[in-house]
Amino acid sequence: MTPSPASAPLLALDGLRKVFPGGAVAVDDVSLTVGEGETLAVVGESGCGKTTLTRLLLRLLEPTSGTVRFEGRDLTALAPGRLRDVRARMQVVLQDPYSSMNPRMRVVDIVGEPLVTHDPQARGRRNRARTAERVGELLESVGLDAAMRDRYPHEFSGGQRQRISIARAIALHPRLVVLDEPTSALDVSVQARVLDLLAELQQRLGLTYVFVSHNLAVVRQVADRVAVMRGGRLVELGGAAQVFTEPAHPYTRQLLDAVPVPDPRAARRGRTATEAAG
Amino acid sequence: MTQPRPNTPHSPAASAPPGHSDPLLEIRGLSVDFVLESSVVHAVRGVDLRVGAGETLAVVGESGSGKSATALSVLRLNPQPPCVYAAGEIRFDGQDLLRAGERELGRVRGAGVAMVFQDPMTSLDPLQRVGPQVAEALRHHRGTSRGQARTAALAALEEVGIPEPERRYRQFPHELSGGLRQRVMIAAALVVRPRVLIADEPTTALDVTVQRQILDLLVDLQRRHGMAVVLITHDLGVVAETADRVAVMHRGEVVETGSVLDVFDRPADDYTRRLLAATPRLETV
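Chains A and B, in that order, are what the protein sequence lines are. Residue numbering for the first sequence follows my numbering, beginning at 1 and increasing consecutively. Residue numbering for the second sequence follows my numbering, beginning at 1 and increasing consecutively.
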């Protein structure tokens, strides 16, 4: 998880701005870079623009102004055909994998879909067995059983479904994976295992993560650097240790203070202190 | 304030912590089944819980642990069918709520036990202004006059920290933020001065800074009114910050119960230990 500052950043956003019809400014002049192999967390409360930011950097939305550079190329200026090539190397995992899976497709087709879309050799009946085999490998790499490829999404638990969507995301050997609240719908014990899996895959495959979350305790665990957003703007950007221990912006401090601490003694100390002050 | 009511029907069981008052609400051996077409789900299996006046009991567990089904059982709010209250009793104010008639249960719902849910948008009527919805509980359960109910509702909105209560009173639910809507729900629960407040994941749908405000509000209101609070949550942080005692539920059973300090310091059950270990923390070790 060590960033390599020497090389050019894998992803660079510059002056990114998105104004929706009607005048709502969802993302306002955001500039940041993400280095190869690092995890940048984007945190903020609902409506802060973090989801819009991910849609912009994946170029699922057109920015009003500003640029998104991935592997040194400006995505906003890329022709559709070239964009498709680039998209193989930037993938996304969403909060609720169930809503992004066709319930009538078997896992082999869900995970195999990007292979078939991007690789002509994976198409056709003759290559079906090969695709199925590759899907089996992918399922095993996310801690599932290869035989599960013949099942349907509803046969899986929430944690297993998130593993399936991770398998699909890594099918094309991406360099960047955008994780948009990947564990927010999961129980805490399941969340812990999915986070472990994400860390292991990052190590093994040299992935770069943009990790969007409202959960600061989770971010503390996974992030190398943290970007704090509020009202579409980037209010703070820094190394995780620094942001969590010495936040520069009062809003970051406010966010951190609001997190319920799973330590009853600390909680009681805090309350007594507040009452003494008030 | 925490004086036990003289007519409390049961003396505390031998396992009650020393010095603890009689429970205001006591659940004994509760089993709840959901009878489906081809199977029966034993959602709650022999659960014992108790909470005294002025005390906050947190019921913590993951999805499917039976914590919400337990909470909903108190006012018999689980949908019947498919729900069947298979065994046990729920003692409040000298009666067993599982066997109480609809009239008595209505009285308890109106004045004895109030509930706050996760998503206020689904419990508020979207077509009605919020103020009258807060006042309605009083009119319905107490027969309070329109004018007096309005005054009491305005006072309740103010008490839960809603700015400009006069203006908010006339607004519709969609005109309020999530945090304000949850405050309205809390006002609606408190306007009848319940002795027990059951809050089922009251802050789960809220942003963290708003969650902080609502938790502080609940703690403050509880202290002011000496209510018994049952807080259903999946978040051990919320437990640590609000509860006196905690019951950990797993697969329909209470696997561990005790004071918050004891359970966090010395978890006796393996599942509790795993839950604590899996909870991400802000401070790194």
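Glycine included, C-beta positions come from ideal geometry on N, C-alpha and C.
Check whether residue i and residue j have beta carbons under 8 angstroms apart
i: T241(A); j: A41(A); result: Rather than Thr, the amino acid found at residue 241(A) in this sequence is Ala. Cβ atoms of A241(A) and A41(A): not closer than 8 angstroms.
i: V93(A); j: V177(A); result: yes
i: A100(B); j: G66(B); result: no
i: V68(A); j: L83(A); result: no
i: T279(B); j: V188(A); result: yes
i: A247(B); j: A53(B); result: no
i: V107(A); j: I164(A); result: yes
i: R212(B); j: R170(B); result: no
i: L201(A); j: L207(A); result: yes
i: Q95(A); j: P182(A); result: yes
i: V192(B); j: L157(B); result: no
i: L197(A); j: I166(A); result: yes
i: R168(A); j: I110(A); result: yes
i: H118(A); j: A88(A); result: yes
Closer than 8 angstroms to chain B by CB, residue i
i: S213(A); result: no
i: I135(A); result: Checking the sequence, you will find Val at residue 135(A) rather than Ile. No, no contact with chain B.
i: P5(A); result: Residue confidence for P5(A) is low, a pLDDT of 49 falling below 50, so the modelled location carries little weight; the figure read from the coordinates is stated next. Cβ-Cβ to chain B under 8 angstroms: no for P5(A).
i: P247(A); result: no
i: T2(A); result: Because T2(A) sits at a pLDDT of 49, beneath the cut-off of 50, its placement in the model cannot be relied upon, and the following sentence gives the value as read from the coordinates. False, the Cβ-Cβ gap to chain B never drops below 8 angstroms.
i: F156(A); result: no
i: D196(A); result: no
i: R220(A); result: yes
i: Q254(A); result: yes
i: P262(A); result: yes
i: E38(A); result: no
i: E200(A); result: no
i: A169(A); result: no
i: E181(A); result: no
i: V188(A); result: yes
Partner residues on chain D for residue i, Cβ-Cβ distance less than 9 angstroms
i: A129(A); result: The structure shown has no chain D; the protein chains it does contain are A and B.
Residue i at chain A interface by Cβ criterion, 8 angstroms
i: A297(B); result: The displayed coordinates of chain B run from 1 to 285. Any statement about residue 297(B) would go beyond what the structure contains.
i: R183(B); result: no
i: D235(B); result: yes
i: S15(B); result: Residue confidence for S15(B) is low, a pLDDT of 42 falling below 50, so the modelled location carries little weight and cannot support an answer.
i: Q211(B); result: yes
i: V132(B); result: It is Pro, not Val, that sits at residue 132(B) in the sequence shown. With 8 angstroms as the cut-off, P132(B) does not count as an interface residue toward chain A.
i: T2(B); result: Only weak support exists for where T2(B) lies, its pLDDT of 44 falling under 50; the value from the coordinates is given anyway. By this cut-off, T2(B) is not an interface position.
i: R28(B); result: no
i: A247(B); result: no
i: T122(B); result: no
i: S39(B); result: no
i: S68(B); result: no
i: P9(B); result: Residue confidence is low: P9(B) scores 40 on pLDDT, short of 50, so the model does not pin down where it sits. Its coordinate-derived value is still stated next. No, no contact with chain A.
i: T257(B); result: no
Delimiting residues of the alpha helix (DSSP H) encompassing residue i
i: I186(B); result: 178-190
i: F264(B); result: 260-265
i: R130(A); result: 128-141
i: A152(B); result: 146-159
i: G252(B); result: Careful: G252(B) lies outside any alpha helix (DSSP H) and carries neither H nor E.
i: G237(B); result: 236-242
i: R273(B); result: 270-278
i: E104(B); result: 102-107
i: Q128(B); result: Where Q128(B) is concerned, there is no enclosing alpha helix (DSSP H), given that its DSSP letter is neither H nor E.
i: L115(A); result: 107-118
i: Q160(A); result: 158-170
Assigned exposure category for residue i - 16 Cβ within 10 Å defines buried
i: P153(A); result: buried
i: Q191(A); result: buried
i: H250(B); result: buried
i: V142(A); result: buried
i: Q160(A); result: buried
i: F20(A); result: exposed
i: N102(A); result: exposed
i: V234(A); result: The question names Val, but residue 234(A) is Leu in the sequence shown. Buried: at least 16 other Cβ atoms inside 10 Å.
i: Q148(B); result: exposed
i: S65(A); result: exposed
i: D270(B); result: exposed
i: P63(A); result: buried
i: G72(A); result: exposed
i: A36(B); result: Checking the sequence, you will find Leu at residue 36(B) rather than Ala. Classification of L36(B): exposed, given that the 10 Å Cβ count is below 16.
Boundaries of the beta strand (DSSP E) in which residue i is found, first to last residue
i: A146(A); result: Where A146(A) is concerned, there is no enclosing beta strand (DSSP E), given that its DSSP letter is neither H nor E.
i: H42(B); result: 40-51
i: D263(A); result: Careful: D263(A) lies outside any beta strand (DSSP E) and carries neither H nor E.
i: L197(B); result: 196-200
i: Q286(B); result: The structure shown does not extend to residue 286(B), since chain B is modelled only from 1 through 285, so no value can be given for it.
i: I27(B); result: 25-35
Item to check | Whole beta strand (DSSP E) elements within the stretch 174-258 of chain A, 3-residue minimum | outcome: 176-180, 208-213, 225-230, 233-239
Checklist entry - In chain order, which continuous runs of the alpha helix (DSSP H) of length 4 or greater are located wholly inside the stretch 4-81 of chain A? => result Within the stretch 4-81 of chain A, the complete alpha helix (DSSP H) runs of at least 4 residues are 50-57.
Item to check | Complete alpha helix (DSSP H) runs within the stretch 64-95 of chain B (minimum length 4 residues, chain order) | outcome: For the stretch 64-95 of chain B, whole alpha helix (DSSP H) runs of length 4 or above, ordered along the chain, are 67-74.
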